[in-house]
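See below for the structure under consideration.
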Amino acid sequence: FRVAYGGAQELFDVHPDLTCLGKIIGGGFPVGAYGGKKEIMDLIAPVGPVYQAGTLSGNPVAMTAGLETLKVLKETGTYERLDALSETFAKGVQEAAKDAGIPVFQTRVGSMLGLFFTDEQVFDFKSAKKSNTEQYAKYFHELLARGHYIAPSQFEALFLSLAHDEDVIAETLSGISEALRHV
831 FRVAYGGAQE LFDVHPDLTC LGKIIGGGFP VGAYGGKKEI MDLIAPVGPV YQAGTLSGNP
891 VAMTAGLETL KVLKETGTYE RLDALSETFA KGVQEAAKDA GIPVFQTRVG SMLGLFFTDE
951 QVFDFKSAKK SNTEQYAKYF HELLARGHYI APSQFEALFL SLAHDEDVIA ETLSGISEAL
1011 RHV
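Numbering-wise, the sequence shown is residues 831 to 1013 according to my numbering.
Printed below as a string of structure tokens:
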């Protein structure tokens, strides 16, 4: 749900055998869901021999949060807004890095972003490992000292949400610009 109401499979026109959904299906609560083709789902009890259960399966708070999240995501213009905010953020990061004289490579699909301290294209794990992880660690700590918490590893994604409005993005980009000058 981060890139389209039908997920990445909708965006990239992929027709999977099995779809797995994480916390977004519960509005951020600890829950997941899966679904798939009939021949796979028929393997799950009570029809099939595979038993599946979970401590929070069907938790009413998580399910309510998930339903409300799905309602918001279905509103007209939601994904266009997320994409526009993410594009603004990515361009701001790129400009801040350029101003600081630090080569970076960014990845972005919708509101999911990645930042690698390298002047080479990153397209898989092997190319990502060529990035300067020490520089990223310094960046992480510089941002943290300024009140901005990002993933502590450059191998993790950054996610924007509808809670990140223009003011939050501008404030974060200011912190990023400052942090990059100290990397």
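Even glycine gets a Cβ: it sits at the ideal position worked out from N, Cα and C.
Subject >> First through last residue of the alpha helix (DSSP H) which encompasses E902 >> reply: Looking up residue 902 in the sequence shown gives position 72. The sequence shown places Val at residue 902, not Glu. Run containing V902: P890 to K904, per the alpha helix (DSSP H) assignment.
Subject >> Close-in-space but distant-in-sequence residues of the same chain around D949 (CB under 6 Å, 5 per side omitted) >> reply: Counting from 1 along the sequence shown, the entry for residue 949 is found at position 119. So the list reads P933, once near-sequence residues are dropped.
Original post:
If you measure from the CB of I999, is any heavy atom of the ligand SAM nearer than 7 Å?
Top reply: Questions concerning the ligand SAM fall outside what the structure shown contains, since it holds no ligand whatsoever.
Original post:
A863 to G977, Cα distance in whole Å?
Top reply: One-based indexing of the sequence shown puts residue 863 at position 33. One-based indexing of the sequence shown puts residue 977 at position 147. Their Cα atoms are separated by approximately 33 Å.
Subject >> Reduced DSSP secondary structure (H/G/I, E/B, other) of A975 >> reply: If you number the sequence shown from 1, residue 975 lands on position 145. Of the three classes helix, strand and coil, the one that applies to A975 here is helix, per DSSP.
Subject >> 8 Å CB neighbourhood of G1005 in its chain, flanking five on each side removed >> reply: What you label residue 1005 is simply residue 175 of the sequence shown in a count that begins at 1. Once the five neighbours on either side are set aside, the close Cβ partners of G1005 are L973, R976, G977 and H978.
**OP:** From the DSSP output, in three-state form, read off V880 for me.
**Re:** On the sequence shown, residue 880 is found 50 positions in, with the first residue counted as 1. Three-state DSSP puts V880 in a strand.
**OP:** Per DSSP, which residues does L848 bridge with? Please list them.
**Re:** Walking along the sequence shown from the start, residue 848 turns up at place 18. DSSP output for L848 lists G866 as bridge partner(s).
Subject >> For Q984, three-class secondary structure by DSSP >> reply: As a working note, residue 984 is residue 154 in the sequence shown. In this structure, Q984 counts as coil in the three-state DSSP scheme.
Subject >> Outcome for V1039 when other beta-carbon atoms lying within 10 angstroms are tallied against a minimum of 16 >> reply: The shown model of the chain, from 831 to 1013, leaves out residue 1039, and the question about it has no answer.
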